[in-house]
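As structure tokens, the structure follows; a few thoughts come after it.
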Amino acid sequence: DVKVTQSSRYLVKRTGEKVFLECVQDMDHENMFWYRQDPGLGLRLIYFSYDVKMKEKGDIPEGYSVSREKKERFSLILESASTNQTSMYLCASSNRATDTTDTQYFGPGTRLTVL
Amino acid sequence: AQSVSQHNHHVILSEAASLELGCNYSYGGTVNLFWYVQYPGQHLQLLLKYFSGDPLVKGIKGFEAEFIKSKFSFNLRKPSVQWSDTAEYFCAVNPYTGRRALTFGSGTRLQVQP
């Protein structure tokens, strides 16, 4: 089974802090994604990566950056956390090389609260 | 850019009732279609997917969905719901070409009463 893990289930930070959210997948997937999930809005794509050191902006990249130094790890960075970034953050991975449908597998999520 | 609409935001059913959740997408090209489910306190998991062939696809736990290309729809169905189906359901699309990332609908919260 694919396993996607996220470093924290719950995180509380203060406005202006730099925040790192870590995601690791154990299935050698080439694609990794970061979404945020808000009530009534579904999941919205923040950033994604097709390969090591590659990144692409999603639909709501403002205020975020990402890092992918190793294939299995994809980090989301909030440069200066703000209260409107309070949300549930979901990481996902997929492997188009072996699955043309690009099915994504999700981690458990990190619920971030910015005070 | 593609978009996905889920028209039912909150559905309340009694056990054994039939379920149909609507999903429409806007994209002119070929797409893969997905339904994901998120049970309370659990991570998002795949319920079923369509990528080609028979437009009626079957998933886990007795769910099925029908792709109607002419209507750009991918509605989820289950003939008889159980209390354990209480969850949030998300429809999602990714195109064959261009950005291969999922676009999600806003979700439907299903509450099944015993």
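Chains as they are written, first to last, in this note's numbering: chain A, 1 to 115; chain B, 1001 to 1114. Cβ atoms here follow ideal geometry from the backbone N, Cα and C, with glycine treated the same way.
- Task: Could you give the DSSP three-state label for residue 1103(B): helix, strand or coil?
- Result: For residue 1103(B), the secondary structure class from DSSP, reduced to helix, strand or coil, is strand.
- Item | Beta-bridge partners of residue 66(A), as assigned by DSSP | Note: residue 66(A) sits in a beta bridge opposite 76(A).
- Assign residue 1060(B) to one of three DSSP states: helix, strand, or coil. Residue 1060(B): helix per DSSP, three-state reduction.
- Residues, ordered as in the chain, of the stretch 1085–1109 of chain B that lie near chain A by beta-carbon distance below 7 Å: Listed in sequence order: 1090, 1094, 1100, 1101, 1102, 1104, 1105, 1106, 1107.
- Message: At the 8 Å Cβ level, is residue 1046(B) part of the contact set with chain A, yes or no?
- Response: Yes, contact with chain A.
- Message: Can you list, in chain order, the residues of its chain with a C-beta nearer than 8 Å to that of residue 1064(B)? Leave out the 5 residues immediately preceding and following it.
- Response: Correct list, in chain order: 1048, 1056, 1057, 1058, 1076, 1077, 1078.
- Task: State the beta-bridge partners of residue 1046(B) as determined by DSSP.
- Result: 1036(B).
- Item | Beta-bridge partners of residue 32(A), as assigned by DSSP | Answer is 49(A), 93(A).
- Under the assumption that residue 96(A) contacts residue 1109(B) (Cβ atoms under 8 Å), give the Cβ distance between them as a whole number of angstroms. In this structure residue 96(A) does not touch residue 1109(B) by the C-beta definition: roughly 31 Å separates them, more than the 8 Å allowed.
- Message: For residue 88(A), list the residues DSSP reports as bridge partners.
- Response: Paired residues: 37(A), 111(A).
- Query: With distances taken between CB atoms, is the gap from residue 1023(B) to residue 1104(B) smaller than 8 Å?
  - Reply: No, the Cβ-Cβ distance between residue 1023(B) and residue 1104(B) is not below 8 Å.
- Task: Under 6 Å Cβ to Cβ from residue 1050(B), same chain only, skipping five residues before and after it: list those, please.
- Result: Taken in chain order, the residues that qualify are 1033, 1057, 1067.
- Give the straight-line distance between the Cα atoms of residue 1013(B) and residue 1082(B), rounded to the nearest whole angstrom. Computed Cα separation, rounded: 9 Å.
- Item | Cβ-based contacts, 9 Å cut-off: residues of the stretch 90–103 of chain A near chain B | Within the stretch 90–103 of chain A, the residues whose Cβ lies closer than 9 Å to some Cβ of chain B are 90, 92, 94, 96, 100, 101, 102, 103, listed in chain order.
- Item | With 16 other Cβ atoms within 10 Å as the buried cut-off, status of residue 1021(B) | By the neighbour-count rule (16 or more Cβ atoms within 10 Å), residue 1021(B) is buried.
- Message: Does any residue of chain B have a CB that is nearer than 8 Å to the CB of residue 61(A)?
- Response: Contact of residue 61(A) with chain B is not assigned, every C-beta pair being separated by 8 Å or more.
- Item | Proximity of residue 112(A) and residue 87(A) at Cβ, strictly below 8 Å | At a Cβ-Cβ threshold of 8 Å, residue 112(A) and residue 87(A) count as neighbours.
- Message: Which residues in chain B have a C-beta closer than 8 Å to the C-beta of residue 33(A)? List them in chain order.
- Response: For the C-beta of residue 33(A), the chain B residues within less than 8 Å are, from N- to C-terminus, 1101, 1102.
- Counting only the same chain and skipping the five closest in sequence on each side, list residues whose C-beta sits under 6 Å from that of residue 1094(B). Correct list, in chain order: 1032, 1100, 1102.
- My guess is that residue 1011(B) and residue 1087(B) are in contact by the Cβ rule of under 8 Å, so how many angstroms apart are they, rounded? The distance from the Cβ of residue 1011(B) to that of residue 1087(B) is about 11 Å, inconsistent with a contact at the 8 Å cut-off.
- Message: Determine, for residue 1075(B), whether the minimum Cβ-Cβ distance to residues of chain A falls below 8 Å.
- Response: Judged by the 8 Å Cβ criterion, residue 1075(B) is not in contact with chain A.
- Task: Mind checking which residues open and close the beta strand (DSSP E) that includes residue 1087(B)?
- Result: Note, residue 1087(B): beta strand (DSSP E), 1087–1095.
- Taking 8 Å as the CB-CB cut-off, is residue 1008(B) touching chain A? At a cut-off of 8 Å between beta-carbon atoms, residue 1008(B) makes no contact with chain A.
- Message: Within a Cβ cutoff of 8 Å, which residues of the same chain sit near residue 1040(B), ignoring the five residues on either side of it in sequence?
- Response: Only 1086, 1087 meet the Cβ criterion.
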